[in-house]
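Quick look at the structure:
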């Protein structure tokens with residue numbers, strides 16, 4: 038979770054020179070103190086408009102294969118585990134559903150030839166909300182570095198293969 042007043046950082050599956058890449062982005066939307074009844078005192082960040090919302094659920098062990106993002110969008114993993122890799126690179130993001138489950142996927146077919154691969158190695162199904170950006174407009178951001186943001190780095194003592 039990002040602390041109040043800090044910028045919102047999100048792992049992005051993006052594209053550079055026709056190839057998918059994993060980057061850590063800082064969005065312009067800062068994390069603020071909520072004043073909304075029911076969440077007052079908690080943290081909030083405006084993610085901006087979306088065009089629709091789709092709930093997707095895949096079984097444990099599912100392999101999504103190599104694919105492009107169908108459209109520029111936020112993906113919020115609600116439960117489960119996603120392991121994302123890109124061809125020709127050691128870059129990977131390990132996304133656990135829940136509080137740190139938000140990523141951006143913008144490696145659409147028009148900017149990335151091969152896309153990325155997502156497998157779901159956990160022991161439980163993975164549920165995700167896909168939240169497309171209106172007209173594919175990517176939110177204002179700056180690239181902090183290549184590779185995932187800290188919340189999505191593989192723990193040194195953890196394997197996402199599903200074996201113990």
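Numbering (the working numbering), first residue to last: 38 to 201. The beta carbon of each residue, even a glycine, is placed where N, CA and C say it ideally should be.
- Straight across, the Cα-Cα distance linking residue 103 with residue 154 is about 4 Å.
- Shown here, residue 173 sits in a helix according to DSSP, grouped into three states.
- In this structure, DSSP gives residue 187 a helical state, which the three-state scheme calls helix.
- When DSSP reads this structure, residue 44 sits in a beta bridge with 67.
- Between the alpha carbons of residue 47 and residue 73 lies a gap of roughly 24 Å.
- Residue 96 counts as exposed, since fewer than 16 other C-beta atoms from the protein chains shown sit within 10 angstroms of its C-beta.
- The closest CA to that of residue 92, considering only 112, 181, 52, is found on 112.
- Inter-residue distance for residue 78 and residue 69 is about 9 Å (C-alpha atoms, whole angstroms).
- Pairing residue 62 with residue 166 gives a Cβ-Cβ distance that is not under 8 Å.
- The Cβ atoms of residue 138 and residue 157 lie no closer than 8 Å to each other.
- Put simply, of 127, 147, 162, 146 the residue whose alpha carbon is nearest the alpha carbon of residue 183 is 127.
- According to DSSP, residue 49 shares a beta bridge with 60, 141.
- A residue is called buried once 16 or more other Cβ atoms fall within 10 Å of its Cβ, and residue 51 is buried on that count.
- Approximately 7 Å separates the beta-carbon atoms of residue 164 and residue 134; this is inside 8 Å, confirming the contact.
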